[in-house]
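J.: Residue numbers (the working numbering): 159 to 446. Backbone N, C-alpha and C fix where the C-beta goes; we use that ideal spot for every residue, glycine too. The structure under discussion is supplied below as structure tokens; questions concerning it will follow.
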């Protein structure tokens, strides 16, 4: 068999099967424009499992009924473009919100500490949740005494494993201000590392947004950025509705620049640049 990654053709029927399979498993809706991406991402898996064609590979997955193989299939088709302080206006807005929570009476945990919960849904390799923790700790050192946690979830097990290392190439600092770059540990080996005080706030979990969510909330903020663009409109609406049910009444939802949570019948209203809040008519949420 040739080692050329492009030497296995993808028929219309096979492409349709790929689209149906990734939609059924993860809710991801692939457009016809993604055909070349599918070929480039899946060819190595077709070969790695000793299959001669995409059809044979899909038959192999169907026969196997193996969760790890399904996860491998989905991982290959997800895109994980991210960076520290991406769309930084969201982090500035979040800091304003947290500052307001600090100055008024915040929610209190069962242990009696002020409570702050943030969810990074679709956290990829971890830059987003680590940015949240680093930014807020720098702005509000008193949060170290709070019951402050960031839930970071993704469907892709491979990116979560990389995120859990909390180690990144030094090039990740490109474009950051000196003040922001100083938030990271730099051991001098070409890497940057997330300081322990921020790292210990993050809980990384595998989560498929199409399945049950083992989360209760309420979350003071939810970041779900550049995630629902992979779903069809009906699925997007279902996910936004579910997010609204675990967001605190005064909390905020942050989405990507190509996403819209203020569709007809949406529980959200637009309150800033890609920033949303629950409409006043929605039922209040209570801490578990």
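Would you tell me roughly how many angstroms separate the C-alpha atoms of residue 412 and residue 250, rounded to the nearest one?
T.: Translated into positions along the chain shown, residue 412 becomes position 254. Translated into positions along the chain shown, residue 250 becomes position 92. Straight-line Cα distance between these residues: approximately 12 Å.
J.: Under 8 Å between the Cβ atoms of residue 360 and residue 291?
T.: Residue 360 sits at position 202 when you count from the first residue of the chain shown. Residue 291 sits at position 133 when you count from the first residue of the chain shown. Yes, the pair counts as a contact, with Cβ atoms nearer than the cut-off.
J.: For residue 419, collect the residues of the same chain with a Cβ closer than 7 Å to its Cβ; drop the 5 residues on either side in sequence, then sort them by chain order.
T.: Locating residue 419 in the chain shown gives position 261, where the first residue counts as 1. 398, 411, 413, 426, 434, listed in sequence order.
J.: Helix, strand or coil for residue 209, going by three-state DSSP, please let me know.
T.: Against the chain shown, residue 209 aligns to sequence position 51. Residue 209: coil per DSSP, three-state reduction.
J.: What did DSSP end up calling residue 257 once you bin it into helix, strand or coil?
T.: Against the chain shown, residue 257 aligns to sequence position 99. Residue state, collapsed to three classes: helix.
J.: Helix, strand or coil for residue 183? Go by DSSP, reduced to three states.
T.: As a working note, residue 183 is residue 25 in the chain shown. Note: residue 183 maps to helix in three-state DSSP.
J.: Does residue 299 pass the burial test, meaning 16 or more other C-beta atoms within 10 Å, or should it be called exposed?
T.: For the purposes of this step, residue 299 is taken as the residue at position 141 of the chain shown. Classification for residue 299: exposed.
J.: Is it buried or exposed for residue 179, if we count other Cβ within 10 angstroms and need 16 for buried?
T.: As a position in the chain shown, residue 179 is number 21, starting the count at 1. Classification of residue 179: buried, given that the 10 Å Cβ count is 16 or more.
J.: For my contact list, residue 301 and residue 274 are in at a C-beta cut-off of 8 Å; report their separation, rounded to the angstrom.
T.: The residue you call residue 301 lines up with position 143 of the chain shown. The residue you call residue 274 lines up with position 116 of the chain shown. Indeed they touch by this definition, with Cβ atoms about 7 Å apart.
J.: Under 8 Å between the Cβ atoms of residue 377 and residue 310?
T.: Here residue 377 corresponds to residue number 219 of the chain shown, with the count starting at 1. Here residue 310 corresponds to residue number 152 of the chain shown, with the count starting at 1. It is not a contact, given that the beta carbons lie outside the stated cut-off.
J.: Pairing CB atoms from the stretch 369 to 386 with CB atoms from the stretch 318 to 336, are three or more of them under 8 Å?
T.: Counting Cβ pairs under 8 Å, fewer than three are found: no touch.
J.: Beta strand (DSSP E) containing residue 285: first to last residue?
T.: Walking along the chain shown from the start, residue 285 turns up at place 127. Where residue 285 is concerned, there is no enclosing beta strand (DSSP E), although the alpha helix (DSSP H) it sits in stretches over 285 to 297.
J.: If you compare alpha carbons, which of 187, 352, 177 is closest to residue 385?
T.: Residue numbering aside, residue 385 sits at position 227 when the chain shown is read from its first letter. Closest by alpha carbon: 187.
J.: Go through its chain and collect everything with a Cβ distance to residue 209's Cβ below 7 Å, but skip five positions before and after it.
T.: Locating residue 209 in the chain shown gives position 51, where the first residue counts as 1. Correct list, in chain order: 215, 218.
J.: If you count every other CB in all the chains shown that lies within 10 Å of the CB of residue 358, and 16 or more means buried, which is it?
T.: One-based indexing of the chain shown puts residue 358 at position 200. When all chains shown are included, residue 358 counts as exposed.
J.: Please list the segments of the beta strand (DSSP E) lying wholly inside the stretch 360 to 407, counting only runs of 3 or more residues, in order along the chain.
T.: Listed in chain order, the complete beta strand (DSSP E) runs (minimum 3 residues) inside the stretch 360 to 407 are 360 to 364, 377 to 382.
J.: Please state whether DSSP places residue 252 in a helix, a strand or coil.
T.: For the purposes of this step, residue 252 is taken as residue 94 along the chain shown, with counting starting at 1. Of the three classes helix, strand and coil, the one that applies to residue 252 here is helix, per DSSP.
J.: Rounded to whole angstroms, how far is the Cβ of residue 374 from the Cβ of residue 404, which I believe are closer than 8 Å?
T.: For this step, residue 374 is matched to residue 216 along the chain shown. For this step, residue 404 is matched to residue 246 along the chain shown. Correct: roughly 7 Å between the Cβ atoms.
J.: Taking the continuous beta strand (DSSP E) assigned at residue 310, which residues delimit it?
T.: Taking the first residue of the chain shown as 1, we reach residue 310 at position 152. Element bounds for residue 310: 305 to 312.
J.: Report yes if the CB atom of residue 272 is closer than 8 Å to the CB atom of residue 304, and no otherwise.
T.: As a position in the chain shown, residue 272 is number 114, starting the count at 1. As a position in the chain shown, residue 304 is number 146, starting the count at 1. Yes; because the gap between Cβ atoms is below 8 Å, this pair is in contact.
J.: Going by DSSP, which residues form a beta bridge with residue 345?
T.: For this step, residue 345 is matched to residue 187 along the chain shown. DSSP lists no partner for residue 345.
J.: Please state the DSSP three-state secondary structure of residue 444.
T.: If you number the chain shown from 1, residue 444 lands on position 286. Caution applies to residue 444, whose pLDDT of 39 falls short of 50 and renders its modelled position unreliable; the value that the coordinates give is listed next. Note: residue 444 maps to coil in three-state DSSP.
J.: Contact criterion: CB-CB distance below 8 Å. Does residue 349 meet it with respect to chain B?
T.: Given the protein chain composition of this structure (a single chain), no chain B is represented.
J.: Do you know offhand how far residue 445's Cα is from residue 248's?
T.: Translated into positions along the chain shown, residue 445 becomes position 287. Translated into positions along the chain shown, residue 248 becomes position 90. For residue 445, the predicted model reports a pLDDT of 39, less than 50, meaning its position is unreliable and no value from the coordinates is stated.
J.: Pull the bridge partners of residue 413 from the DSSP assignment, please.
T.: Residue mapping note: residue 413 aligns to position 255 of the chain shown, counting from 1. BP columns for residue 413 point to 382.
J.: Buried or exposed: which applies to residue 293, given that a residue is buried once 16 or more other Cβ atoms fall within 10 Å of its Cβ?
T.: Within the chain shown, residue 293 is the residue found at index 135, counting from 1. Burial call: buried.
J.: Please classify residue 280 as buried or exposed, where buried requires at least 16 neighbouring CB atoms within 10 angstroms.
T.: Position 122 of the chain shown holds residue 280. Buried: at least 16 other Cβ atoms inside 10 Å.
J.: Whole angstroms is fine: what's the gap from residue 396's alpha carbon to residue 234's?
T.: Here residue 396 corresponds to residue number 238 of the chain shown, with the count starting at 1. Here residue 234 corresponds to residue number 76 of the chain shown, with the count starting at 1. Residue 396 and residue 234: Cα-Cα distance of roughly 25 Å.
J.: Quick one: Cα of residue 343 to Cα of residue 287, how far?
T.: Position 185 of the chain shown, counted from the first residue, corresponds to residue 343. Position 129 of the chain shown, counted from the first residue, corresponds to residue 287. If I take the Cα positions, the gap works out to 16 Å.
J.: Please list the terminal residues of the continuous alpha helix (DSSP H) segment that includes residue 321.
T.: Translated into positions along the chain shown, residue 321 becomes position 163. Where residue 321 is concerned, the enclosing alpha helix (DSSP H) stretches over 315 to 323.
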